[in-house]
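K.L.:
If you read the protein sequences in the order shown, they are chains V and U. Numbers 1 to 542, taken from full-length UniProt numbering, label the letters of the first sequence in order. Numbers 1 to 459, taken from full-length UniProt numbering, label the letters of the second sequence in order. To start, I am sharing the structure in question, which I have written as structure tokens.
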Amino acid sequence: MTRPPAPVSALPVWEELVTAALLGTERRTPPGCAPGPDAPTRLLDAAALETVRRRASLRPARSAKRPAPAPADHRPPLPTAAARRLALLLADRSGVAGGGRRGTAPDLMELLPQWLAAANGHGYAAPAESLPALLDAARGRTDLRPAALTFAGPRALWLARLNPDWRFALRAAPGGDGALPRPEEAERVRRLWDEGLFAERVALLASLRARRPADARELLAGTWSAERAEDRLMFLDSLRTGLGPDDEPFLEQALADRSRNVRATAAELLSALPGSALAARMAARALTCVSVDRSRVPATIVVEAPHECDAGMERDGVVPKPPAGRGERSWWFGQLVEATPLATWTGRLGARTPQEIVALPVADDWQSELHAAWCRAAVRQRDSAWARALLGSPTVPEAGGPGAVSLAERAKLLGVLAAGERAEWVAGFIATHGLSEAFQLLGVCAVPWAAPLGRAVVDALDIARDAGNYPWSFSGVMGLAERCLDPSEAGRFDGLSAMADEPEDASPGAGGYWAEAFQRMVTTLRLRATMAEELAPAPAPR
Amino acid sequence: MAGPSFGDMTQQGERWAADQVLALAPDAASRKAGSKLGTAGPWSEAGCSDEGTVWGLCKGSGSKPYQTVVDLAGAEGPAYKCSCPSRKFPCKHALGLLLLWTGGDGAVPRAEPPEFADQWLATRRGRAERKKQEASSGSGSASADPEAARRRAERRAERISAGATELEQRLADLLRGGLAGAEASGHELWEETAARMVDAQAPGLAARARELGSIPSSGPGWPVRLLEECALLHLLDQGWLRREQLPDALAATVRSRTGLPASPEGPAVRDQWLVLAQYDTADARLTTRRIWLYGAGSDRTALLLSYGAAGRAPELALPVGLALETEVSPYPGAGQFRSALGERFSPPATTETRPPGVDTARAAARYGEALRDDPWLDSVPVTLDRVIPVQDGDGWQLADADGDTALPLSAVARNRPGLWRLVALSGGAPVTVFGECGHRGFTPLTAWPAEPGAAVPLC
């Protein structure tokens with residue numbers, strides 16, 4: 001606040017009082033007082049009067065420059081119950097429990113991601129007063145950022161410009177207020193592409209590519225030779241979205257790029273196009289390395305790895321130098337097979353189905369190298385028939401699982417299958433092998449889990465309890481199940497969450513802990529069901 | 001069921017919002033623990049009655065579930081009873097139960113209270129009834145011997161006068177030697193003086209003396225602030241020493257500022273009181289809770305004070321943004337807002353009512369006028385209408401949407417997370433803001449959006 005200007009005639013009484021008080025009345029006689037023993041009291045009298053006078057005459061100050069108003073958010077508001085739930089979920093944010101015992105109550109913070117996804121699915125606007133807490137939550141957890149910022153909407157970006165703590169939101173959403181030009185605004189697209197910052201241009205290219213793949217490629221091709229190498233790499237990477245045969249000429253040209261990384265990425269993209277010339281060249285090379293020896297019984301695959309990495313192979317993206325500890329011939333071989341269209345093999349290896357090919361024995365310990373390369377090819381080419389063949393049957397008893405494929409590769413192969421098939425495969429795997437290796441596989445299954453998968457997980461947990469294990473040996477799967485089981489499965493746990501009699505060989509106290517863990521499961525599932533109901537739009541007003 | 005006296009009230013209690021429940025929590029840990037229990041899982045046999053009682057059984061780690069009851073209708077604010085051993089008040093079970101109850105009929109249906117709830121309610125209301133009768137019969141135990149009480153009061157007044165005289169001497173010594181020296185000697189001297197004022201049974205003087213000790217380390221401009229506070233303390237000393245010559249109302253203000261206990265005297269005002277704000281301040285010994293109320297019919301603003309020992313939340317809690325019909329009795333003294341909550345006639349319910357607002361010039365003037373009655377006032381409660389939060393260098397202002405003046409936010413307000421809720425709520429557009437306006441600036445406590453919408457607590 002400001003003080004009104006003092007009347008011109010008046011002495012600056014207050015300033016003189018302050019000076020006298022600072023120096024002391026022994027050294028400075030205050031205005032309007034006689035020096036002497038009473039001077040301090042007279043000074044205090046005058047100061048009291050002035051203090052109250054000054055306070056009583058306070059007036060508002062001139063206002064600073066007003067901010068531009070936040071852009072309007074036209075999304076419908078959250079239903080009241082959902083807004084309350086959001087406040088609760090965000091209130092739980094403050095402390096993460098760490099390694100402590102989890103008890104029977106749900107982890108609210110763990111439910112925030114799916115709450116946000118559901119709210120975004122309905123297209124609701126965030127309540128304005130929740131924006132600071134949302135931004136703080138997104139600041140602490142990068143995995144939350146995309147969903148939290150989408151939900152928080154344009155006003156959050158307006159807000160983030162005012163608080164340095166929330167700068168990340170502006171970086172995460174280039175173009176500031178999400179005002180990327182639409183594909184049909186050719187003029188704005190062109191201008192942003194020519195003048196924008198790197199992050200803005202990446203975002204522009206990605207959004208254009210998602211809607212009009214050809215336009216995006218042409219935009220990029222127009223300035224390609226003028227871009228810096230590391231920028232070219234990022235831009236090229238955005239062509240992964242909507243990759244198609246039309247992209248081949250441009251990618252083929254990029255194979256001659258000055259930058260090795262750009263060349264490698266172009267080659268990788270081309271090899272994902274089975275009809276491309278590069279794929280055909282790679283197939284021709286791979287075929288010289290792999291043949292079926294029909295003289296053996298049963299017929300056996302024989303591998304003769306390449307003896308050199310010639311200039312042509314290098315140009316097609318083969319990396320000549322192997323990582324430490326790998327032989328260079330097998331390294332080159334793997335790269336050839338991985339870039340070869342899988343359909344090549346069904347023809348070459350005697351009109352066999354993928355299953356039959358995978359079942360063929362491989363001579364001289366080349367099996368793991370060959371199968372691993374096929375796995376990479378199946379993932380890259382998104383070939384579900386081959387993925388299915390390489391995964392094999394989930395119920396095969398051997399511990400390593402079918403196809404001698406590692407868990408990580410299996411998870412990737414599963415990603416190629418349709419959601420229903422994926423869930424069924426994992427369900428079969430759990431039924432046979434239990435939960436100890438299931439975590440990574442469960443992570444690639446669609447949420448909520450399909451009924452057979454949910455059943456398999458619940459049964460396996462029940463078995464683990466009966467076997468006398470402690471529940472925290474399964475805490476990863478438990479946590480995942482709390483978040484991913486279909487809430488309608490809650491009823492399955494009714495019997496389980498009661499205290500069961502402990503089997504004789506059980507670990508002491510395990511029964512109680514299991515009951516607690518299952519209770520938390522039920523509570524979380526019920527809560528998720530409630531959350532979903534709260535987010536359902538209110539019936540249209542009559 | 002023995003009929004508690006609710007007059008003609010039959011309307012059912014409004015369910016609270018979750019953040020109103022969370023505001024009851026004594027600390028952050030309880031808030032977190034409580035929100036985890038706010039789901040159906042651990043609860044059984046939960047229910048609530050139309051009279052504002054909520055109960056339930058909460059499964060804990062033991063075999064026997066905890067019995068939890070909350071009475072939301074009591075005159076003193078919500079009361080809690082739980083068979084758990086926690087010393088937090090309310091405990092996490094009570095908070096969890098209330099959160100569950102906010103969710104609606106699905107989780108906590110209306111029902112007849114079970115025996116454990118009924119028993120507790122009966123004793124509780126019986127006690128309240130007795131208290132009321134004692135109060136109305138006019139004679140407390142204190143007045144058993146009026147002559148002795150008068151002598152006690154006289155002795156206390158003498159002690160305070162001696163304390164005030166000593167304080168005057170200290171102030172004179174300080175001014176004689178100069179404030180510049182206070183920076184060095186400051187803190188301990190005033191701590192000791194404050195202790196002497198506590199001995200003199202003048203807690204108001206003690207608090208001001210302690211405050212003087214902290215000013216020299218409070219940053220640039222401290223000599224001005226120190227002189228101001230010395231002068232106002234001198235004014236209070238002089239007011240006490242000459243209280244016989246002051247008008248009655250001002251003398252009452254001086255007595256209350258000095259720290260003498262008082263009891264509500266004014267006629268009780270029955271009204272629809274809107275809960276404007278609730279916030280706590282704590283030091284090592286005491287948590288002080290302030291609740292601002294606005295009476296829609298009487299156009300009055302009242303302040304309820306309640307206290308909790310260190311680490312415990314004060315008992316009285318009212319949900320911000322709701323209104324309740326109740327009696328409120330003012331404490332004596334000119335320019336005082338402090339009041340006591342009397343009988344309640346309805347539980348808090350949602351309301352469209354908002355306090356009428358003024359512009360920034362009127363708000364500043366209101367503080368100036370209030371100093372006439374109480375020159376020691378640091379701030380007055382004010383509602384600003386149509387203001388926009390505006391960044392001003394490192395600080396913030398609330399600027400009139402329809403003018404070119406603004407009130408700066410106080411340093412306290414600048415550092416609260418509530419500032420960002422206010423800015424977010426506004427989005428650069430006018431909002432209505434209730435807060436405290438004084439010589440340190442404006443401290444926003446609650447805001448309402450321009451369009452219809454619920455109150456947003458900022459503190």
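All C-beta atoms in this analysis are idealised placements derived from N, C-alpha and C, irrespective of residue type, glycine included. Here the structure is a predicted model, which is why all the values come from computation and not from measurement.
Can you name, in chain order, every residue of its own chain whose Cβ lies under 6 Å from the Cβ of Thr443 of chain U, other than the five neighbours on each side?
P.N.:
Once the five neighbours on either side are set aside, the close Cβ partners of Thr443 of chain U are Ser410, Val412, Ala413, Gly435 and Glu436.
K.L.:
If we define contact as Cβ-Cβ less than 9 Å, is Arg414 of chain U a contact residue for chain V?
P.N.:
So, not an interface residue.
K.L.:
If I'm right that Leu205 of chain U touches Ala334 of chain U with Cβ under 8 Å, what's the distance once you round it to whole angstroms?
P.N.:
Actually they are not in contact, since the Cβ atoms of Leu205 of chain U and Ala334 of chain U sit about 19 Å apart, beyond 8 Å.
K.L.:
Could you tell me if Val297 of chain V is buried or exposed, where buried requires 16 or more neighbouring beta carbons within 10 angstroms of its beta carbon?
P.N.:
By the neighbour-count rule (16 or more Cβ atoms within 10 Å), Val297 of chain V is not buried but exposed.
K.L.:
Apply the 10 Å Cβ neighbour rule to Glu451 of chain U and answer buried if 16 or more other Cβ atoms are within range, or exposed otherwise.
P.N.:
Label assigned to Glu451 of chain U: exposed.
K.L.:
Do we get a CB-CB distance below 9 Å when we pair Glu168 of chain U with the residues of chain V?
P.N.:
True, the Cβ-Cβ gap to chain V drops below 9 Å.
K.L.:
What do you get for Val254 of chain U, buried or exposed, if any count of 16 or more other CB atoms within 10 angstroms of its CB means buried?
P.N.:
Its Cβ being crowded by 16 or more others within 10 Å, Val254 of chain U is buried.
K.L.:
On the DSSP bridge assignment, give the partners of Trp55 of chain U in chain order.
P.N.:
BP columns for Trp55 of chain U point to U:Gly47 and U:Val69.
K.L.:
Using a beta-carbon distance below 9 Å, is Ala18 of chain U in contact with chain V?
P.N.:
Yes, contact with chain V.
K.L.:
Applying a beta-carbon distance threshold of less than 8 Å, which residues of chain C neighbour Gly368 of chain U?
P.N.:
In the displayed structure, chain C is absent; the protein chains listed are V and U.
K.L.:
Does DSSP put Ala411 of chain V in a helix, a strand or coil?
P.N.:
Looking at Ala411 of chain V - three-state DSSP - the assignment turns out to be helix.
K.L.:
Listed from N- to C-terminal order along the chain, which residues in the segment 174–192 of chain U have their beta-carbon within a distance smaller than 9 Å of any beta-carbon of chain V?
P.N.:
Of all residues in the segment 174–192 of chain U, Leu174, Leu175, Arg176, Gly177, Gly178, Leu179, Ala180 and Gly181 have a Cβ within less than 9 Å of some Cβ in chain V.
K.L.:
Counting only Cβ pairs nearer than 7 Å, list the residues of chain V close to Ser35 of chain U.
P.N.:
Near Ser35 of chain U (Cβ distances below 7 Å), the residues of chain V are Leu88, Ala91, Asp92 and Leu108.
K.L.:
For chain U, find out if any of its Cβ atoms is closer than 9 Å to the Cβ of Val52 of chain V; answer yes or no.
P.N.:
Taking Cβ atoms only, chain U reaches closer than 9 Å to Val52 of chain V, which makes this a yes.
K.L.:
Have a look at Arg66 of chain V and Leu159 of chain V and give me their C-alpha separation to the nearest angstrom.
P.N.:
Arg66 of chain V and Leu159 of chain V: Cα-Cα distance of roughly 14 Å.
K.L.:
Just to make sure I have the definition right: I need the residues of chain V whose C-beta is within less than 8 Å of the C-beta of Gly297 of chain U. Which are they?
P.N.:
Per Cβ cutoff of 8 Å: no residues; Gly297 of chain U is ~28 Å from chain V at best.
K.L.:
Closest Cβ-Cβ distance between Leu527 of chain V and chain U: below 9 Å?
P.N.:
It does; some Cβ of chain U falls within 9 Å.
K.L.:
Find the nearest neighbour of Ala87 of chain V within the set V:Phe333, V:Arg54, V:Pro127 and V:Trp366, judged by alpha-carbon distance.
P.N.:
Comparing Cα positions, the closest option is V:Pro127.
K.L.:
Is it true that the CB of Gly479 of chain V sits closer than 9 Å to the CB of Glu110 of chain V?
P.N.:
The answer is yes: Cβ separation under 9 Å.
K.L.:
Mind pulling the chain U residues with CB within less than 8 Å of Leu158 of chain V?
P.N.:
Correcting the residue type first, residue 158 of chain V is Trp in the shown sequence and not Leu. Here the neighbours are Gly427 and Gly428.
K.L.:
Give the residues of chain U in contact with Thr523 of chain V, contact being defined as C-beta atoms less than 9 Å apart.
P.N.:
Near Thr523 of chain V (Cβ distances below 9 Å), the residues of chain U are Thr39, Ala40, Gly41 and Pro42.
K.L.:
Three-state secondary structure (DSSP) at Gln278 of chain U?
P.N.:
In this structure, Gln278 of chain U counts as strand in the three-state DSSP scheme.
K.L.:
Can you give me the start and stop residues for the beta strand (DSSP E) that Gly295 of chain U sits inside?
P.N.:
That run of the beta strand (DSSP E) goes Leu286 to Gly295.
K.L.:
If you reduce the DSSP assignment to three classes, tell me which class Asp391 of chain U lands in.
P.N.:
A small fix is needed here, since residue 391 of chain U is Gln in this sequence, not Asp. Strand at Gln391 of chain U.
K.L.:
Verify the CB distance criterion: does Asn261 of chain V have a CB-CB separation below 9 Å to chain U?
P.N.:
False, the Cβ-Cβ gap to chain U never drops below 9 Å.
K.L.:
Buried or exposed: which applies to Asp316 of chain V, given that a residue is buried once 16 or more other Cβ atoms fall within 10 Å of its Cβ?
P.N.:
Buried, because 16 or more other Cβ atoms sit within 10 Å of the Cβ of Asp316 of chain V.
K.L.:
Which ranges does the alpha helix (DSSP H) cover as unbroken runs of at least 4 residues, wholly within the segment 209–277 of chain U, from first to last along the chain?
P.N.:
The segment 209–277 of chain U contains these whole alpha helix (DSSP H) runs: 222–241 and 248–258.
K.L.:
How close, in whole Å, do the beta carbons of Glu248 of chain V and Phe235 of chain V come, if the pair is a contact with beta carbons under 8 Å?
P.N.:
That pair is no contact at about 17 Å.
K.L.:
Looking at chain V, is there any beta carbon in it that lies within less than 9 Å of the beta carbon of Arg243 of chain U?
P.N.:
So no, Arg243 of chain U is outside the interface.
K.L.:
Residues of chain V with a CB under 7 Å from the CB of Val224 of chain U: which are they?
P.N.:
What Val224 of chain U touches in chain V: Val18.
K.L.:
For Ala302 of chain U, which residues does DSSP report across the bridge?
P.N.:
According to DSSP, Ala302 of chain U bridges with U:Leu293.
K.L.:
Use the C-beta contact count for Gly401 of chain V: other C-beta atoms within 10 angstroms, 16 or more gives buried, fewer gives exposed.
P.N.:
Here Gly401 of chain V scores only 46 on pLDDT, less than 50, and its place in the model should not be relied on; the value that follows carries that caveat. Classification for Gly401 of chain V: buried.
K.L.:
Indicate the three-state DSSP secondary structure (helix, strand or coil) for Thr326 of chain U in the structure shown.
P.N.:
Note: Thr326 of chain U maps to strand in three-state DSSP.
K.L.:
Going by C-alpha to C-alpha distance, which of V:Arg281, V:Arg85, V:Trp386 and V:Ser276 sits closest to Arg352 of chain V?
P.N.:
It is V:Trp386.
K.L.:
Does Trp396 of chain U come out as helix, strand or coil in the three-state DSSP assignment?
P.N.:
Strand.
K.L.:
Taking one C-beta from the segment 27–39 of chain U and one from the segment 150–159 of chain V each time, how about it: are there three or more such pairs within less than 8 Å?
P.N.:
The segment 27–39 of chain U vs the segment 150–159 of chain V: no contact.
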